[in-house]
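This report concerns only the one structure given below.
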Amino acid sequence: MPVGALLCVVGGPTAGRPWSATAARATLRQLAVAAGVRRRFAAHQLRHAHAVGMAREGVPLVVIQRQHANLGITSIYLEGIDSSEIINTVHQRPAPVLPASAGLR
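For the sequence shown, my numbering begins at 986 and goes up steadily by one.
Right, here's the structure in full:
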């Protein structure tokens, strides 16, 4: 996995440079206030939301887990997915198919 900034500055004299975590948090909080978000907002919630979105799209947990030392931490993000959604997703998957020649030598 590439190492580097996830977000970069897009304008001004520092364009192209990494967007610092401090600046990102401050900007996102300002945007939340401007949008009328009244609940406490933490930029890390975006990581949680992204993990849930990827899981809903069928991205394997080991891919979602990257950059976390512990798979258990990632699975906490996914606790918000409703059981019926998981069951429906599994039922919608095509059944595994073995080629006719499987096991023949």
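All residues carry an ideal CB built from backbone N, CA and C; glycine is no exception. Computed from a predicted structure; not experimentally measured.
Opening and closing residue of the alpha helix (DSSP H) in which residue i lies
i        : result
Glu-1013 : Looking at the sequence provided, one finds Leu at residue 1013 rather than Glu. Run containing Leu-1013: 1006–1019, per the alpha helix (DSSP H) assignment.
Gly-1038 : 1029–1041
Val-1047 : 1046–1049
Proximity to residue i [Cα-Cα], best of the options
i        : options                                   : result
Ala-1009 : Phe-1026, Pro-998 and Gly-1021            : Phe-1026
Met-1039 : Gly-1021, Arg-1024, Ala-1017 and Ser-1060 : Ser-1060
Arg-1041 : Ala-1017, Thr-1007 and Glu-1064           : Glu-1064
Gln-1015 : Gly-996, Leu-992 and Ala-1028             : Ala-1028
Arg-1032 : Arg-1002, Arg-1051 and Ala-1020           : Arg-1051
Leu-1013 : Arg-1002, Gln-1077, Pro-1003 and Gln-1030 : Gln-1030
Asn-1073 : Gly-1043, Leu-992 and Gly-996             : Gly-1043
Cβ-based burial, residue i [other Cβ within 10 Å; buried from 16]
i        : result
Gly-1036 : Before going further, note that residue 1036 is Ala rather than Gly in the sequence given. So Ala-1036 ends up on the buried side.
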